[in-house]
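One structure is given below, encoded as structure tokens.
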Ligand code: SF4
Ligand code: SF4
Ligand code: SF4
Ligand code: SF4
Ligand code: SF4
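Chains as they are written, first to last, in the working numbering: chain A, 1 to 318; chain B, 1 to 339.
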């Protein structure tokens, strides 16, 4: 990790010193253990703060839409997929973007760390190869890094950036294909069971919209939930149905564009299982159209193209 | 007075008959204040609840009145919640936050009957913090892990029992008939020791902060500070002192309710005028407002900083926007104090 951090720093400083870019967006050491935080470096000195660790979980593609000037971004696999999706949607000008690609085998989920520490606060983390030592107040636990990763990272098959201008680190071995096991399990439940789960999960929603704002492909000028004339959705938090409606519309709006990066779920302060919904759509799009968002520069976004033999099971009751 | 931890559930059970009792309840990986039906549901763990106790007095969505319009005219019915409440296990920072909100809802210009009725009918039973989190900085903003501001009773954890400190008359009435034994000298010593040993390690220096904010509205520092902020409502909705609200009508045809909802200065609609003009066009102005409101405007209006140092915004911001770092950046900025 230290080596990667140094390589990223060197690459960024060089780009800035040679004035190839005006800005490098990457990660700095955050203020909490295991926390990378987005950094905007405009000078080689500022780029000295760049780092790379297992807490660089934010999707930096979110900061790239409609940018002026030349920008470089430090991007792991999921960030690059989102970038590709956004280039296709004309939100990012590829010519003005320099991608410092970082092969990524996953970021650590602090919720899993907290569970292992029994709710105690994490004060320090030491990573040694594939094990992590988690230190809290008067307690210490060890765990396999692989067990601490975000579920989205475990499911991710594109840790290697699909496009880049420069790669730091080594490409990682391919993983097996995603089997969507937990989605299939949820699909096999009855409507009533699914409804009950949704109700209990979304009763926790406080409508802070962190999920929406953390998502790189959620960028409408005016979100339907914000619009008050007409008012598409109840504004108050009295009603779980409205919370579900918000989420369902959000997820449908990103169908075929969602890269399963997990940024929405990570952002949710209430720990709501949002990937259950987003991944259902990822799975459907893959099964129906054999399409995945942002995996190459050639495919058109699944819902932006039409062929006469597109399946339409949702229109025709078979 | 002293109460054994084992006796807390039955004490709460007794209160449940007479009051709506709210206590932290375990919800997956965190705790939340909920109304409990059984004393055994109270999860008095270390640390603070995910959402502040504020929502019990100032709910996220609150029906103010219902209306019904017919050919004969309009019928209005106000909805004032005057049920007696006990909030059990509130942390000192959350209790202090209510004393700050009191300024907003009860001042020379306006007295809010909804808030004030709830407030008057609520008894706050606090539990001091023996092990403050690394993100707690209450002592930097005139609070502390055993501060009694806003509380009616304070419980001090001495291992298998709590030593009860009576803060107000209201608190006294709650335990007068509870049959608790009085605390021995040893218990009192244990309580004093717990207070002594609780260390709030995080300090936030607010010296000169207000003076900087008085003059740095146009300082370029805000360009940099806001840059990574996503403009979500997580920090404001989790903050015990944020109190901005919006008022909407929740109606079908001629029947409906007027509802008061929490709002957030991070949202684009926050100050959008009817004309379409918005004085806070971008995230820069919105984030600046969050800091200005807490550390300047509130100080100008009520003489106190509107932050109680609970650390929720630090722990929960999706991009690790840390208010401690922001304040340090503002203090260190080059805004000219003489300009
Ligand atoms: S919906 Fe969630 S998982 Fe999908 S792209 Fe947006 S943030 Fe990533
Ligand atoms: S981030 Fe979580 S709590 Fe906030 S609106 Fe999204 S689902 Fe609801
Ligand atoms: S500071 Fe963090 S929590 Fe607050 S609005 Fe910005 S991104 Fe959201
Ligand atoms: S600003 Fe942050 S630390 Fe201060 S009271 Fe609000 S949530 Fe707590
Ligand atoms: S900020 Fe102070 S009062 Fe609040 S939880 Fe932390 S130690 Fe307790």
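Each residue gets a CB set at the ideal place from its N, CA and C atoms; glycine is no exception.
Any heavy atom of ligand 5 closer than 7 Å to the beta-carbon of residue i?
i, result
"residue 91 of chain B", "yes"
"residue 145 of chain B", "yes"
"residue 48 of chain B", "yes"
"residue 200 of chain B", "yes"
Looking only at its own chain, which residues have a Cβ that is under 8 Å from the Cβ of residue i, when we skip the five neighbours before and after it?
i, result
"residue 7 of chain A", "168 and 169"
"residue 126 of chain A", "132, 133 and 135"
"residue 89 of chain A", "217, 257 and 301"
"residue 339 of chain B", "Here residue 339 of chain B scores only 49 on pLDDT, less than 50, and its place in the model should not be relied on; the value that follows carries that caveat. If we look at residue 339 of chain B and ignore the five residues flanking it on each side, its Cβ neighbours are 215."
"residue 64 of chain B", "78, 79, 114, 247, 257, 258, 259 and 260"
"residue 319 of chain B", "228, 229 and 230"
"residue 318 of chain A", "For residue 318 of chain A, the predicted model reports a pLDDT of 49, less than 50, meaning its position is unreliable; a value from the coordinates is still stated below. Once the five neighbours on either side are set aside, residue 318 of chain A has no close Cβ partner at all."
"residue 74 of chain B", "67 and 68"
At a cut-off of 7 Å, is residue i close to ligand 3 when judged by its beta-carbon and the heavy atoms of the ligand?
i, result
"residue 383 of chain A", "Outside the shown range of chain A, which is 1 to 318, sits residue 383 of chain A, and nothing can be said about it."
Within this structure, are the beta carbons of residue i and residue j separated by less than 8 Å?
i, j, result
"residue 71 of chain A", "residue 23 of chain A", "yes"
"residue 187 of chain B", "residue 167 of chain B", "no"
"residue 65 of chain A", "residue 209 of chain A", "no"
"residue 164 of chain A", "residue 295 of chain A", "no"
"residue 200 of chain B", "residue 132 of chain B", "yes"
"residue 61 of chain A", "residue 99 of chain A", "no"
"residue 164 of chain B", "residue 175 of chain B", "yes"
"residue 41 of chain B", "residue 310 of chain B", "no"
"residue 285 of chain A", "residue 255 of chain A", "yes"
"residue 342 of chain B", "residue 305 of chain B", "Past the edges of chain B, shown from 1 to 339, lies residue 342 of chain B, and the structure says nothing about it."
"residue 91 of chain B", "residue 126 of chain B", "yes"
So what does DSSP say about residue i, is it helix, strand or coil?
i, result
"residue 227 of chain B", "coil"
"residue 222 of chain B", "helix"
"residue 176 of chain A", "coil"
"residue 318 of chain B", "coil"
"residue 203 of chain B", "coil"
"residue 339 of chain B", "Only weak support is given to the placement of residue 339 of chain B: the predicted model assigns it a pLDDT of 49, under 50, and the value that follows is read from those uncertain coordinates. Coil."
"residue 41 of chain A", "strand"
"residue 318 of chain A", "With a pLDDT of 49 at residue 318 of chain A, under the threshold of 50, the modelled position of that residue is not reliable, and no figure is offered here."
"residue 249 of chain B", "strand"
"residue 142 of chain A", "strand"
"residue 166 of chain A", "strand"
"residue 235 of chain B", "helix"
"residue 272 of chain A", "coil"
"residue 298 of chain A", "coil"
"residue 63 of chain A", "helix"
"residue 33 of chain B", "strand"
"residue 207 of chain A", "coil"
According to the neighbour-count rule (16 or more other Cβ atoms, all chains shown, within 10 Å of its Cβ), is residue i buried or exposed?
i, result
"residue 241 of chain B", "buried"
"residue 27 of chain A", "buried"
"residue 273 of chain B", "exposed"
"residue 243 of chain A", "buried"
"residue 148 of chain A", "buried"
"residue 83 of chain B", "exposed"
"residue 314 of chain A", "exposed"
"residue 110 of chain B", "exposed"
"residue 161 of chain A", "buried"
"residue 304 of chain A", "exposed"
"residue 277 of chain B", "exposed"
"residue 10 of chain A", "exposed"
"residue 88 of chain B", "buried"
"residue 225 of chain A", "buried"
"residue 301 of chain B", "exposed"
At a cut-off of 7 Å, is residue i close to ligand 2 when judged by its beta-carbon and the heavy atoms of the ligand?
i, result
"residue 107 of chain A", "no"
"residue 207 of chain A", "yes"
"residue 76 of chain B", "no"
"residue 233 of chain A", "no"
Would you check whether ligand 4 has a heavy atom nearer than 7 Å to the C-beta of residue i?
i, result
"residue 94 of chain A", "no"
"residue 311 of chain B", "yes"
Apart from the five residues on each side of it in sequence, which residues of its chain come closer than 6 Å, Cβ to Cβ, to residue i?
i, result
"residue 330 of chain B", "212"
"residue 4 of chain B", "161"
"residue 50 of chain B", "30 and 32"
Is the closest heavy atom of ligand 1 to the C-beta of residue i under 7 Å?
i, result
"residue 264 of chain A", "yes"
"residue 217 of chain A", "yes"
"residue 260 of chain A", "yes"
"residue 206 of chain B", "no"
"residue 214 of chain A", "yes"
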